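Visitor: Taking UniProt numbering, the leading residue of the sequence shown gets 1, the next gets one more, and so forth. Glycine included, every Cβ here is placed at the ideal spot set by N, Cα and C. Bear in mind that the values here come from a model prediction, so they are computed numbers and not experimental data. Below you will find the structure I want to go over with you.
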Amino acid sequence: MSMRAAAQRPSNASQPTSPVVLSGSPFTYQNNTNADVDVTVQGGSVTTISYSRDGTNWTIVGLLAGMFRLSPSDYLRIAYLTTPTVTVIPR
1 MSMRAAAQRP SNASQPTSPV VLSGSPFTYQ NNTNADVDVT VQGGSVTTIS YSRDGTNWTI
61 VGLLAGMFRL SPSDYLRIAY LTTPTVTVIP R
């Protein structure tokens, strides 16, 4: 990506982080902002984390915790036995 393209990309980096309240397993989070976000998943008993661009075709990421970058409209699906802590970090 050129510096010019990177400079024109929308940013919400000045926004605070926000916790996500999970409503049951599996839980699906969609980035509904116009900019990239990072989503952290930690703790709990996570069984799988999957990623999707369209909400239909899913790829298991192979990790049970970590930080995941989501572009606008991307999805992260978290399956768990006990609830993990999930936080959205604007970029």
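Of all Cβ atoms in chain D, is any one closer than 7 Å to the Cβ of residue 85?
Guide: Going by chain labels, chain D is absent from the structure shown, which holds only one protein chain.
Visitor: Straight-line CA distance for residue 52 to residue 15?
Guide: For the purposes of this step, residue 52 is taken as residue 52 along the sequence shown, with counting starting at 1. For the purposes of this step, residue 15 is taken as residue 15 along the sequence shown, with counting starting at 1. C-alpha separation (whole angstroms): 24 Å.
Visitor: Going by the DSSP bridge assignment, what does residue 45 pair with across the sheet?
Guide: Here residue 45 refers to the residue found at position 45 when the sequence shown is read from its first residue. Its beta-bridge partners are 82.
Visitor: Mapping the DSSP letters down to three states, classify residue 73 as helix, strand or coil.
Guide: Here residue 73 is taken as the residue at index 73 of the sequence shown, counted from 1. Note: residue 73 maps to coil in three-state DSSP.
Visitor: If contacts are defined as beta-carbon pairs under 8 Å, then residue 33 and residue 72 qualify, I think. What distance do you get, rounded to the angstrom?
Guide: Within the sequence shown, numbered from 1, the residue matching residue 33 stands at position 33. Within the sequence shown, numbered from 1, the residue matching residue 72 stands at position 72. Rounded, the Cβ-Cβ distance is 6 Å, consistent with contact.
Visitor: Quick one: measure Cβ to Cβ for residue 48 and residue 13, integer angstroms, because I've assumed they're closer than 8 Å.
Guide: Position 48 of the sequence shown, counted from the first residue, corresponds to residue 48. Position 13 of the sequence shown, counted from the first residue, corresponds to residue 13. Going by Cβ atoms, the distance from residue 48 to residue 13 rounds to 30 Å, so no, they are not a contact pair.
Visitor: For residue 20, does the three-state DSSP call read helix, strand or coil?
Guide: One-based indexing of the sequence shown puts residue 20 at position 20. Here residue 20 sits in strand by DSSP.
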